[in-house]
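*Asks:*
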Amino acid sequence: MTYAIRAEGLVRRFGATTALAGVDLAVPSGTVYGLLGPNGAGKTTTVRVLATLLAADSGHATVGGYDVRRDAHRVRQLIGLTGQYASVDEALTGTENLLLIGRLLGLSRADARARARELLARFQLADAADRAAKTYSGGMRRRLDLAASLVGRPQVLFLDEPTTGLDPRSRNDLWDTVRGLVTDGVTVLLTTQYLEEADQLASEIAVVDHGRVIAQGTPEELKAKTGGQVLAIRPADPADLATVVAIAGEAAAASPEVAQSTVTVAVNGPGVLPAVVRRLDDAEIPVAELALRGASLDEVFLHLTGHRAEPDAPTGDDTPSGADLERTPA
Amino acid sequence: MTAATVTAPLALARRLGVGAGVRHTLTLAWRSLVQIKHNPMELLDLSIQPVMFVLLFTYVFGTAISGSPGEYLTFALPGIIVQNALFATMTTGFGLNNDLTKGVFDRLRALPIARWAPLAGRILADTVKQAWSVSLLIGVGAILGFRLGNGVLGLLGAFALLLAFSLAAAWISVLVGVLVSEPDKVQIFGFTVIFPLTFTSNVFVPTDRMPGWLQHWVEVNPVTILADALRGLLVGGPVVGPAIQAMIWAVALAAVFAPLAVRALRRRV
Ligand SMILES: Nc1ncnc2c1ncn2[C@@H]1O[C@H](COP(=O)(O)OP(=O)(O)OP(=O)(O)O)[C@@H](O)[C@H]1O
Ligand SMILES: [Mg+2]
Chain A
1 MTYAIRAEGL VRRFGATTAL AGVDLAVPSG TVYGLLGPNG AGKTTTVRVL
51 ATLLAADSGH ATVGGYDVRR DAHRVRQLIG LTGQYASVDE ALTGTENLLL
101 IGRLLGLSRA DARARARELL ARFQLADAAD RAAKTYSGGM RRRLDLAASL
151 VGRPQVLFLD EPTTGLDPRS RNDLWDTVRG LVTDGVTVLL TTQYLEEADQ
201 LASEIAVVDH GRVIAQGTPE ELKAKTGGQV LAIRPADPAD LATVVAIAGE
251 AAAASPEVAQ STVTVAVNGP GVLPAVVRRL DDAEIPVAEL ALRGASLDEV
301 FLHLTGHRAE PDAPTGDDTP SGADLERTPA
Chain B
1 MTAATVTAPL ALARRLGVGA GVRHTLTLAW RSLVQIKHNP MELLDLSIQP
51 VMFVLLFTYV FGTAISGSPG EYLTFALPGI IVQNALFATM TTGFGLNNDL
101 TKGVFDRLRA LPIARWAPLA GRILADTVKQ AWSVSLLIGV GAILGFRLGN
151 GVLGLLGAFA LLLAFSLAAA WISVLVGVLV SEPDKVQIFG FTVIFPLTFT
201 SNVFVPTDRM PGWLQHWVEV NPVTILADAL RGLLVGGPVV GPAIQAMIWA
251 VALAAVFAPL AVRALRRRV
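From first to last, the protein sequence lines stand for chains A and B.
Okay, so the first sequence: first residue is 1 according to this note's numbering, each after it adds one.
Okay, so the second sequence: first residue is 1 according to this note's numbering, each after it adds one.
1) Counting C-beta neighbours from all protein chains within 10 Å, is the total for ILE101 (chain A) 16 or more, i.e. buried, or is it exposed?
2) Would you call the CB atoms of HIS24 (chain B) and ALA170 (chain B) closer than 8 Å?
3) Taking 8 Å as the CB-CB limit, is THR44 (chain A) close to chain B?
4) Who are PRO28 (chain A)'s beta bridge partners in DSSP?
5) Report yes if the CB atom of ARG115 (chain A) is closer than 8 Å to the CB atom of VAL151 (chain A), and no otherwise.
6) Taking only beta-carbon positions, decide if LYS129 (chain B) is within less than 8 Å of chain A.
7) Taking ASP184 (chain A) as the reference, which of A:ARG234, A:PRO154, A:VAL230, A:GLU118 has the closest Cα?
8) Under 8 Å between C-beta atoms, does THR91 (chain B) make it to chain A?
9) Which residues in chain A sit within 7 Å of LEU12 (chain B), going by Cβ to Cβ distance?
10) Leaving out five residues on either side along the sequence, give the residues of the same chain with a beta carbon under 8 Å from the beta carbon of LEU331 (chain A).
11) Under three-state DSSP, which class holds HIS60 (chain A)?
12) Starting from GLN216 (chain A) and walking both ways along the beta strand (DSSP E), at which residues does that stretch end?
13) Where DSSP assigns a beta bridge to PRO235 (chain A), which residues make up the other side?
14) Give the interface partners of GLN35 (chain B) over in chain A, defined as CB-CB distance under 7 Å, in chain order.
15) If you drop the 5 nearest sequence neighbours on each side, which residues of the same chain put their C-beta closer than 6 Å to that of SER149 (chain A)?
16) In this structure, does DSSP put THR164 (chain A) in helix, strand or coil?
17) Going by beta-carbon coordinates alone, are GLY212 (chain B) and GLY145 (chain B) separated by less than 8 Å?
18) Count the other CB atoms within 10 Å of the CB of HIS216 (chain B); is the residue buried (16 or more) or exposed (fewer)?
19) For the pair the stretch 200-208 of chain A and the stretch 23-37 of chain A, tell me if three or more CB-CB distances fall below 8 Å.
20) Give the straight-line distance between the Cα atoms of VAL262 (chain B) and ALA142 (chain B), rounded to the nearest whole angstrom.
21) Once DSSP output is grouped into helix, strand and coil, what is the label at GLY236 (chain B)?
22) Along the beta strand (DSSP E) that carries VAL265 (chain A), what are the first and last residues, could you check?
23) As a quick exercise: from B:PHE105, B:SER133, B:GLN35, B:GLY236, pick the residue whose alpha carbon is nearest that of THR89 (chain B).
24) Using a C-beta to C-beta distance shorter than 9 Å, which residues of chain B count as neighbours of THR52 (chain A)?
25) Could you check whether LEU136 (chain B) and ALA51 (chain B) sit closer than 8 Å to each other, using their CB atoms as the reference points?
26) Please report the distance separating the alpha-carbon of PHE94 (chain B) from that of PHE105 (chain B).
27) Per DSSP, what kind of secondary structure is LEU20 (chain A) in: helix, strand or coil?
28) Compute the Euclidean distance between the alpha carbons of ALA254 (chain B) and ALA13 (chain B), then round it to the nearest angstrom.
29) Does any heavy atom of ligand 1 sit closer than 7 Å to the C-beta of THR62 (chain A)?
30) Along the alpha helix (DSSP H) that carries ILE80 (chain B), what are the first and last residues, could you check?
31) Of the residues that make up the stretch 93-111 of chain A, which ones have a beta carbon closer than 8 Å to any beta carbon in chain B?
32) With three or more beta-carbon pairs closer than 8 Å as the criterion, would you say the stretch 214-223 of chain A touches the stretch 256-270 of chain A?
33) Cβ closer than 8 Å: which chain B residues qualify as neighbours of LEU81 (chain A)?
34) Determine which residues of the stretch 144-155 of chain A have a Cβ less than 9 Å from any Cβ of chain B, and write them out in chain order.
35) Measuring CB to CB, does VAL32 (chain A) end up less than 8 Å from LEU50 (chain A)?
36) Using a 10 Å radius around the Cβ and a threshold of 16 neighbouring Cβ atoms, would you call ARG267 (chain B) buried or exposed?
Put into structure tokens, the structure is as follows:
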């Protein structure tokens with residue numbers, strides 16, 4: 001197997017903060033690789049090191065076989081980067097943003113213009129092509145940002161939380177785009193806070209926490225590890241919470257968690273849901289909400305680390321002002 | 001890592017030629033200039049503010065200071081050009097900070113382009129803006145009665161000296177642009193430093209009309225020196241002395257602030 005990206009023992013500190021505590025990655029060529037982790041886990045720092053923007057304190061990494069430090073210029077000819085915060089020039093139009101990148105990449109004026117037109121059409125921005133990007137919505141900016149990272153037809157694409165702040169439809173479009181790119185042979189390293197997204201796209205996932213890869217495998221392997229599904233029960237009367245915890249615990253033979261008047265418990269067999277429903281009925285407890293859902297990142301974390309995913313900070317110190325996108329859970 | 005695990009490397013260029021860097025610089029300068037098209041306010045900023053300064057000072061202070069607006073214009077216009085040039089250098093730091101905080105700088109750095117091109121492109125574009133404002137000031141001055149004492153040669157000399165000094169002073173702006181957290185702080189810095197600096201020079205009021213203790217400072221103020229050099233070039237009078245002193249200042253500013261700015265930028269990104 002050939003690897004488009006390899007990282008070994010990446011360490012990076014910012015003052016007293018250890019953002020990366022020894023990250024190892026091996027991303028097979030032509031696949032989507034998911035980097036899954038909570039706020040402050042080190043996802044962006046990893047991407048910045050791999051994209052030649054940041055030097056690691058120790059460890060080394062290659063992209064397309066080239067060392068990201070020693071051969072940075074070559075690496076830059078292979079990669080495309082869509083950062084966590086849309087980094088388009090707001091004072092330029094959509095077309096001009098893409099023309100700028102095309103020209104910097106050495107395309108002729110005509111080629112750059114054709115490429116810009118093609119990408120704007122592909123990302124449903126043709127109508128807004130001649131408007132300044134500052135008039136774009138958050139989702140349009142992110143699409144333009146992605147288009148900008150594709151101008152040079154990269155072999156390796158870094159997408160840092162590409163769907164944060166997108167509505168469900170735009171998110172699905174983006175997922176389709178990523179699948180299309182992989183069909184064309186592009187390797188995609190995607191960071192996300194959402195297990196579902198990694199599950200949908202990635203053929204392999206690395207779970208990062210506190211700057212370390214704490215689990216690695218296919219989505220199936222990870223979900224098998226975490227028990228797969230979770231049952232959430234919200235009693236109509238919060239006074240019933242204790243009883244519900246007892247019932248859920250007994251039926252699932254696992255210890256339930258309580259948060260926001262909702263009881264959650266890992267489901268490890270097909271009999272659990274009917275059993276819980278029957279017993280709730282017997283106990284005559286009215287239920288406001290009962291749902292079976294996939295394990296969330298929280299639950300993956302709880303399982304893998306024994307602690308809940310605790311964000312160091314809601315936003316990093318490097319959060320650009322004026323770009324605070326709302327976070328919509330997938 | 002073993003060689004077998006690596007994708008066969010493509011034949012990619014290891015380094016960039018200088019010619020490519022120049023092309024990148026020109027493209028990035030284009031980018032800064034085309035922004036004006038979508039932000040007409042910036043053009044107003046570049047145009048109205050300098051013109052207003054000329055009109056206000058000429059007609060409000062002219063008679064009081066020099067006896068007539070016409071004479072005052074001859075005295076003050078070269079200095080107003082200097083003040084305007086100093087304010088214009090702040091554009092560089094403002095734009096750079098904007099790029100840094102909005103992530104545009106990172107996008108550019110991840111491209112296979114010359115490392116110095118983003119900064120050089122910005123400075124080039126700001127130089128073009130600078131040239132526009134100076135031409136406008138001299139044009140408006142001419143309408144109001146300002147006459148060139150040394151013809152086109154003096155004018156070109158003034159342009160060259162001003163650009164050289166601005167390029168040096170731009171490094172201060174770059175340093176500030178890298179250090180502050182948001183673009184507006186660059187503006188605030190500019191106003192707090194440039195206003196006192198130009199008002200305690202002989203740009204608006206002749207040195208001998210100021211209190212004695214202040215005169216000592218006025219005489220060594222680099223703004224005074226540059227204004228004197230421009231007066232010599234545009235109106236007449238001594239040129240070589242003040243021009244050499246102004247160049248020494250420019251070299252000193254660049255020598256101090258260029259390394260500081262570059263180091264700060266390396267640290268920030
Ligand atoms: N430039 C910086 N200066 C100081 N600390 C930093 C810097 N960049 C990152 N950090 C810190 O390093 C840690 C990892 O940050 P990183 O941005 O890589 O996390 P992340 O996984 O991308 O998080 P998020 O989901 O919030 O984007 C955090 O504690 C963050 O505060
Ligand atoms: Mg991040």
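Just so it is clear, CB atoms sit at the ideal spot from N, CA and C, and this is done for glycine as well.
From a predicted model like this one, the values you see are computed outputs, not experimental measurements.
*Replies:* Taking the structure as given:
1) buried
2) no
3) no
4) A:TYR3
5) yes
6) no
7) A:PRO154
8) no
9) ARG74, GLN77
10) Residue 331 (chain A) lies beyond the residue range present for chain A, which begins at 1 and ends at 330; the question has no answer from this structure.
11) strand
12) 212-217
13) A:VAL287
14) ALA91, LEU92
15) GLY80, LEU81, THR82
16) coil
17) no
18) exposed
19) yes
20) 40 Å
21) coil
22) 262-267
23) B:SER133
24) ARG109, ALA110
25) The residue you asked about is not Ala; residue 51 (chain B) is Val in the sequence shown. Going by C-beta atoms, VAL51 (chain B) is nearer than 8 Å to LEU136 (chain B).
26) 13 Å
27) strand
28) 33 Å
29) no
30) 69-102
31) THR93, GLU96, LEU100, ILE101, ARG103, LEU104, LEU105, GLY106
32) no
33) ASP106, ARG107, ALA110
34) ASP145, ALA148, SER149, GLY152, GLN155
35) no
36) exposed
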